[in-house]
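In the working numbering, the protein residues as written are 1 to 264.
In structure tokens form, the structure reads like this:
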């Protein structure tokens, strides 16, 4: 209920009085007196819904909306153990962390992963997930609705790459932020995926045509400092770091990844 004028509120209540009682001036006076008290209480909360608008709410108000929608800020995720190996130059989102000697790693499949909790404190990221969640709890499973929900999270360039045989494949088509990488396991839980359908993700960008990456894409245009095996930067006699020239690399190939939203 929005904020309304006192007289309008009071007379709307009086209009419900039966005809045979309307000749009692004292009764009508008493009713109007109590309705004015009700109106004062209503005025104190009439603008409350405006603070719980999904598009504008922040902080605790947005947290309450998330609880109403069954999607709180905090979620259980896998606490993945690092494994011993040799890391590639580019670590794909969702990949198991690779460590070297004396860094607390275990052999692959030789240790159990645990469970931890991660909380989404960024309001805009949380809002985007709730917008996607709004499609989900309305069971809006169409291709168009799923695309809209995906783009609410990753932006207008995101799209569905493939669907069929009980599986749908998504691609953000941009690099993920550190926060998005951290909550990657949570993101599919907000999307309107029909029951029984699994998800896969493309994080690479290599392809031929407009909008894709190719061979020798610009990577570090200003170069990187040359370093020793111990990670110490090489410097000139006057203390300036010795830099490489501009660096290029091939764009990542598309490869379906299962980020396991509900398991480890």
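Where is the CB? At the ideal position from N, CA and C, for every residue including glycine. Model, not experiment: these values are computed from the prediction.
Start and end residues, beta strand (DSSP E) containing residue 185: Per DSSP, residue 185 belongs to no beta strand (DSSP E) and is neither H nor E.
Run through the DSSP bridge pairs and tell me what residue 3 is partnered with. Looking at the DSSP assignment, residue 3 forms no beta bridge with any residue, so it has no partner.
Limits of the beta strand (DSSP E) - the one that residue 160 falls within: 159-164
For my contact list, residue 223 and residue 244 are in at a C-beta cut-off of 8 Å; report their separation, rounded to the angstrom. 4 Å
Any heavy atom of the ligand NAD closer than 7 Å to the CB of residue 140? This structure lacks the ligand NAD; in fact it carries no ligand of any kind.
Just mark residue 24 as buried or exposed, buried being the case when its beta carbon has 16 or more other beta carbons within 10 Å. exposed
Residue 52 to residue 258, Cα distance in whole Å? 35 Å
Pick from 31, 124 and 42: whose alpha carbon is nearest that of residue 179? 124
For residue 133, count neighbouring Cβ atoms within 10 angstroms of its own Cβ and tell me buried if that reaches 16, exposed if not. buried
Are the CB atoms of residue 74 and residue 118 nearer to each other than 8 Å? yes
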